[in-house]
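Following: one structure in structure tokens, then a few remarks.
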Amino acid sequence: MDEYCGLCIKMKTKTVQANRAGCDLILALDMEDKADALALLDKIDNGLNWVKVGLQMFIRWGPKFLNEVASRNYRIFLDLKLHDIPNTVASAIGSLADCPVEMLTLHASGGPEMLAVAKKARDKLSNKPKIIAVTILTSINNAILGEIGLQGPISKRVCAMGEMAVKSGADGLVCSPLELNILRESLGKNPLLITPGIRPSKCKMDDQKRVMNPTDAAKSGSSFIVVGRPILNAMNPHEATLRIREELAQSLNE
Ligand code: C5P
8 MDEYCGLCIK
18 MKTKTVQANR
28 AGCDLILALD
38 MEDKADALAL
48 LDKIDNGLNW
58 VKVGLQMFIR
68 WGPKFLNEVA
78 SRNYRIFLDL
88 KLHDIPNTVA
98 SAIGSLADCP
108 VEMLTLHASG
118 GPEMLAVAKK
128 ARDKLSNKPK
138 IIAVTILTSI
148 NNAILGEIGL
158 QGPISKRVCA
168 MGEMAVKSGA
178 DGLVCSPLEL
188 NILRESLGKN
198 PLLITPGIRP
208 SKCKMDDQKR
218 VMNPTDAAKS
228 GSSFIVVGRP
238 ILNAMNPHEA
248 TLRIREELAQ
258 SLNE
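Per my numbering, residue 8 is the first one in the sequence shown, and the count goes up by one each step.
So this is what it looks like as structure tokens:
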């Protein structure tokens with residue numbers, strides 16, 4: 008029991024209704040070459056709505072790359088995982104004024120003031136990207152958590168961070184699919200819960216440690232699953248994308 012935080016303890020046994028509005032796929036575009044990335048997007052546009060642009064591509068190709076992605080009718084989840092003093096984070100968000108970004112990540116560990124100031128800075132932008140707080144990276148397990156000096160278990164940390172982030176104004180959270188149930192129990196159906204660490208069965212884990220398959224993640228209440236290497240390294244990325252989206256659509260009927 009003591010593995011869970013306040014709100015979650017009371018509700019731990021309740022069965023959580025998954026997010027019946029459905030769960031969509033976000034492709035993590037973790038690639039080096041811009042031309043390759045755009046060619047891939049042109050190939051798999053059949054039904055894919057969202058693309059995650061992360062540090063690798065944003066640092067190399069900058070805001071112009073976002074326009075190139077958006078001009079192909081993709082919606083952009085900008086995964087910069089901002090983490091700095093409140094003033095610096097607010098200024099960074101201000102610099103995104105002309106960027107076609109609909110969701111933006113920050114580290115929840117930046118604290119309530121950073122998140123609240125980020126929300127205010129976001130409110131000043133015309134496109135008002137959703138503020139998404141990253142709880143504990145899915146590449147971290149309990150052993151690594153201890154190594155960085157944080158007390159586990161992970162579920163307790165994630166729950167406390169998630170509650171704090173939502174209270175401070177975050178529209179959603181990034182978490183491992185293994186924490187979906189506990190977060191839905193604690194926070195209800197409203198916050199967006201975005202889950203990397205997704206591995207269709209028979210896929211390599213790579214460096215991910217806390218993983219789940221797309222169907223189970225959708226049923227557990229994920230709003231969006233983020234998938235990178237299982238699509239990027241597939242023999243046929245287009246087919247891999249379609250298969251995952253079909254699986255998500257089917258999970259709605261189960
Ligand atoms: O290739 P893979 O499917 O593991 O990609 C997962 C993506 O999700 C990567 O871009 C990674 O940076 C991101 N991510 C994550 N864990 C988090 C937050 C983001 O794996 N907690």
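Where is the CB? At the ideal position from N, CA and C, for every residue including glycine. If you're wondering where the values come from, they're calculated on a predicted model, not measured in any experiment.
| said: Given this structure, state the Cα-to-Cα distance separating residue 56 from residue 133, to the nearest angstrom. | reply: In a straight line, the C-alpha of residue 56 is about 21 Å away from that of residue 133.
| Those runs of the alpha helix (DSSP H) which lie wholly inside the region 34-119 and span at least 4 residues | If one requires a minimum length of 4 residues, the alpha helix (DSSP H) runs lying completely within the region 34-119 are 41-50, 62-77 and 93-101, in chain order.
| request: Please name the residue, chosen from 257, 247, 115 and 229, that lies closest to residue 235 on a Cα-to-Cα basis. | output: Minimum Cα distance to residue 235 is reached at 247.
| Does the beta carbon of residue 59 fall short of 7 Å from some heavy atom of ligand 1? | Under cutoff, so the answer is yes.
| request: Please report the Cβ distance between residue 174 and residue 141, rounded to the nearest whole angstrom; I am assuming they are in contact, meaning their Cβ atoms lie under 8 Å. | output: About 16 Å separates the two Cβ atoms, so there is no contact after all.
| query | Apart from the five residues just before and just after residue 111, which ones in its own chain have a Cβ nearer than 6 Å to its Cβ? | reply | Annotation for residue 111: 85 and 136 place their beta carbon closer than 6 Å to its own, counting only its chain and skipping 5 residues before and after.
| Inter-residue Cα distance where the pair is residue 260 and residue 120 | Those two C-alpha atoms are separated by around 41 Å.
| query | Thinking C-beta only, is residue 194 closer than 8 Å to residue 224? | reply | It is not a contact, given that the beta carbons lie outside the stated cut-off.
| said: Considering just the uninterrupted stretch of the beta strand (DSSP E) at residue 234, what are its terminal residues? | reply: 231-234 is the span of the beta strand (DSSP E), which, as asked, contains residue 234.
| query | Which value, in whole angstroms, describes the spacing of the CA atoms of residue 169 and residue 219? | reply | Residue 169 and residue 219 have their C-alpha atoms spaced approximately 20 Å apart.
| message | Let me check understanding here. Comparing Cα to Cα, which of 208, 230 and 167 lies closest to residue 200? | response | Closest in alpha carbon position to residue 200, among 208, 230 and 167, is 230.
| query | So what's residue 32 in DSSP terms, helix, strand or just coil? | reply | Correct three-state label for residue 32: strand.
| field | Contact belief for residue 97 with residue 171 at Cβ below 8 Å, rounded distance in angstroms | value | Your pair residue 97 and residue 171 does not check out as a contact, with CB atoms roughly 18 Å apart and the cut at 8 Å.
| DSSP on residue 121, reduced to helix/strand/coil? | The three-state reading of DSSP puts residue 121 in helix, counting H, G and I together.
| For the candidate residues 109, 71 and 182, whose alpha-carbon lies nearest to that of residue 228? | Nearest option by C-alpha distance: 182.
| field | Contiguous beta strand (DSSP E) assignments of at least 3 residues, all confined to the region 138-182 | value | Taken in chain order, the complete beta strand (DSSP E) segments of 3 residues or longer contained in the region 138-182 are 179-181.
| query | Between residue 149 and the rest of its own chain, which residues show a CB-CB distance below 8 Å, the 5 nearest in sequence each way excluded? | reply | Closer than 8 Å at the Cβ level, and outside the excluded window around residue 149, lie 159, 160 and 161.
| query | Grouping DSSP H, G and I as helix and E and B as strand, with all else coil, what is residue 249? | reply | In this structure, residue 249 counts as helix in the three-state DSSP scheme.
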